[in-house]
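Okay, so here's the structure we're looking at.
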Amino acid sequence: MFIVSFDMGISNLAYCVIECTSKSDYNVREWKRINLGVPKSDLEALTFALFDVLDDIVFSVVNDTNDLTFLIENQPAFKAPTMKSLQMVIYTYAMTLKKNIDHSIKAKFISASSKLKYIEKKTGNKIDKNYKSNKNAAIEYTEQLIKDNEFMYDIFRNEKKKDDICDTYLQALYYIDAF
């Protein structure tokens, strides 16, 4: 199974591609944060830029749509309408692949709080429910998990927006653990 986990953003769109054979056997194939490089007000340009990213992930990194799941961090419609639109672009892209290429493709909306629930479950520690604590908890826990994985730790160490890439990884681990 391949999982592609997204943390939404225009200048900070992050994703993690994981190949998973079981709850304890998975391999991160790609872990990135990218800038879509177009103005936030130009939804058409954003959509096409996102299509290019999605095509690259599906047809270059994954290159196998059999048992592919897209995890998309759910966005608040009224607080972040552009992010909600991009969320729906990814969902529609996945459903188009499902209809036209492989009926086993899935797309799931994941609550932003799911990664925190995952951390709390795994560590037994309660996390304060504020933005800064959430970001710090995600970064600290991810660093603990990946410290012995040279490939991931190099990416982590060199990333200036660690919280975005950490969110994608923890979102995927939540899904692997829960489903």
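Numbering of the sequence shown is given in the working numbering, commencing with residue 94 and proceeding in unit increments. A virtual CB, placed ideally from N, CA and C, is assigned to each residue, including glycine.
Sequence-distant residues of its chain with Cβ nearer than 6 Å to Cys259 (five each side left out): Answer for Cys259: Ala231, Ile232 and Thr235, listed in chain order.
Same chain, Cβ closer than 6 Å to Tyr186, five either side skipped, listed in chain order: Leu147
C-beta contact flag for Leu164 and Tyr268 at 8 Å: Yes; because the gap between Cβ atoms is below 8 Å, this pair is in contact.
Inter-residue spacing [alpha-carbon to alpha-carbon] between Ile248 and Arg122: 12 Å
Counted within 10 angstroms of its Cβ, other Cβ atoms place Ile198 as buried (16 or more) or exposed: buried
Proximity winner among Cys109, Asp100, Met94 and Ser117, relative to Lys228 (alpha-carbon distances): The option with the nearest alpha carbon to Lys228 is Asp100.
Under the three-state DSSP convention, the category Glu236 falls into: helix
Nearest to Leu238 (by Cα), restricted to the options Tyr119, Gly102 and Thr175: Tyr119
Burial state of Tyr262, where buried means 16 or more other Cβ atoms lie within 10 Å: By the 10 Å Cβ count, Tyr262 comes out buried.
Same chain, Cβ closer than 7 Å to Asp92, five either side skipped, listed in chain order: Because residue 92 is not part of the residues shown, which for the chain are 94 to 272, the question remains open.
When Phe141, Asp157 and Leu139 are compared against Phe95, the one with the closest alpha-carbon: Asp157
Beta-carbon proximity check, Ala200 vs Met181, cutoff 8 Å: no
Residue of Ile183, Ala205, Glu252 and Asn167 minimising C-alpha distance to Lys224: Inspection of the sequence shows that residue 224 is occupied by Tyr rather than by Lys. Here the closest residue by C-alpha is Ala205.
DSSP three-state assignment for Thr261, whether helix, strand or coil: helix
Beta strand (DSSP E) segment containing Ala170, residue limits: Counting along the chain, Ala170 falls outside any beta strand (DSSP E), and DSSP gives it neither H nor E.
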